[in-house]
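Residue numbers (this note's numbering): 3 to 354.
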Amino acid sequence: VFYKIGGTVNTGIKDATEWTTPGLHEVSPGLYRIPLPLPITGLTAVNCYLAAGPEGLVIVDPGWATEESERAIERALAELGHTLDEVLVSLSTHHHGDHYSQAYRWRQVRGTRVLIGHEERHSILEYSRDAAERYPVQVAQLRAEGAADLADRIATAPMSEIEGALMHGAPDGWLHDGDAIALADGTFEVIATPGHTRGHVMLRHTASGALITGDHVLPRITPSIGFEWSPEESPLSSFLASMDRTLALPDGALLPAHGPVLPGTHERVREQIAHHDQRLSDVLGHLHDGAGTAFEVAGAMRWTRRRSALDELPVEHRMIAVGEIRAHLQVLCERGEATVTVVDGQRRYLPA
Ligand SMILES: [Zn+2]
């Protein structure tokens, strides 16, 4: 749900909110973008995408399960002479609430078929089981990474209304890499891109070559890494491998979940890789300067485009920030540039 950690780039687009203008925007023949409002701070909208299938409409990432968002979809469908009843399939790039909650709600109340990446099953199924606890995996990780006070604050704070409203049940089926969802013109080809979440997928619109990137590639902000109920062991390794994989694909238009459509994807992928290279070298620099835990490194780093200190961030964002440093430290250890020792459950890092 949180995306604002990390750097930004200047895309040359002057009006930062231009892409959120409501309505139906055709991005290529037969493929439409519908920006939807979000009920969360810091992120104003999510792009939903729509195409015709052989028997009905296929929708991608239909947004947060709110009436306002549903009405925005209905208005956009009406411009094409369609209704919600004609939406037969929802595809979600990943299970975060702005991508999956409306899809899941429609499955419950309308019978719309819902498909999502197979590796999302870990977080989706565990969410259903443990929803009473607040971020149990992250709280345990914070304790191991030298942030016990932060762990206590996260664990004891009441669940926010939005967290409580997240409904994560199982979909009708799981998407696998290489799957093809039939459209009236070509297919949506499923490309597994783990990292932002472990089961994140992109959808390649074969008729145009455009890439619906979900949160894997975003034009202006860098996605959070591994922030989910049941994260994988080294999410940044997966994310960087998924970046390389995206560069190996033909360069298609970037159709992101948040932000404007751009003519190509590769340039922004290279910027995201450069961003993480810089962060990795900054993290290593702080280890050389004597920081020994992920929490100490996170405290030495600067966050968001305002270059805030860690303790200036909202408490949940501090949790995500420490989690990101943990992911960077893991990659440094895998590359042999740092080492970790675990004593009494506490992880301490040293430059190699
Ligand atoms: Zn997300």
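No residue lacks a Cβ here, since even glycine has one placed at the ideal position from N, Cα and C. Just so you know, these numbers come straight off a predicted model, no measurement behind them.
In the DSSP annotation of this structure, Pro138 is not part of any beta strand (DSSP E); the continuous alpha helix (DSSP H) holding it starts and ends at Pro138 to Ala146. Beta-bridge partners of Ala53 (DSSP): Leu33 and Val60. About 7 Å separates the CB atoms of Ile275 and Leu242; that is less than 8 Å, so the two are in contact. Listed in chain order, the alpha helix (DSSP H) elements of length 4 or more contained wholly in the segment 187–272 are 237–250. In chain order, Leu117 place their CB closer than 7 Å to the CB of Gly175, counting only its own chain and leaving out the 5 sequence neighbours on each side. With a threshold of 8 Å, the Cβ atom of Pro225 counts as near ligand 1, since some heavy atom of the ligand is closer than that.
If you check the CB distance, Ala47 and Tyr106 do not come in under 9 Å. Using a 10 angstroms sphere on the CB of His178, the tally of other CB atoms stays under 16, which defines it as exposed. Spatial neighbours of Glu70 in its own chain (CB-CB distance under 6 Å, excluding positions within 5 residues in sequence) are listed in chain order as Pro39. At the C-beta level, Ser226 and Glu336 stay beyond 9 Å of one another. Nearest to Ala340 by C-alpha distance, out of Ser310, Val324 and Gly287, is Gly287.
Taking 4 residues as the minimum length, the alpha helix (DSSP H) runs contained wholly in the segment 293–335 are 296–302, in order along the chain. When secondary structure is reduced to three states using DSSP, Trp21 falls in the helix class. Residue burial is scored here from C-beta neighbours: Val111 has fewer than 16 other C-beta atoms within 10 angstroms and is therefore classed as exposed. Using a Cβ distance threshold of 9 Å, Arg222 and Gly254 do not count as a contacting pair.
Assigned with DSSP and collapsed to three states, Thr158 falls in helix. Beyond the five residues adjoining it in sequence on each side, His290 comes within less than 6 Å, by CB distance, of Pro353 in the same chain, given in chain order. Those residues whose C-beta sits under 5 Å from the nearest heavy atom of ligand 1 are, from N- to C-terminal order along the chain, His98 and Asp217. With distances taken between CA atoms, His27 lies nearest to Leu52 out of Leu52, Leu45 and Ile42. Counting along the chain, Ala354 sits inside no beta strand (DSSP E), nor does DSSP assign it H or E at all. When DSSP states are grouped into helix, strand and coil, Ile183 belongs to the strand group.
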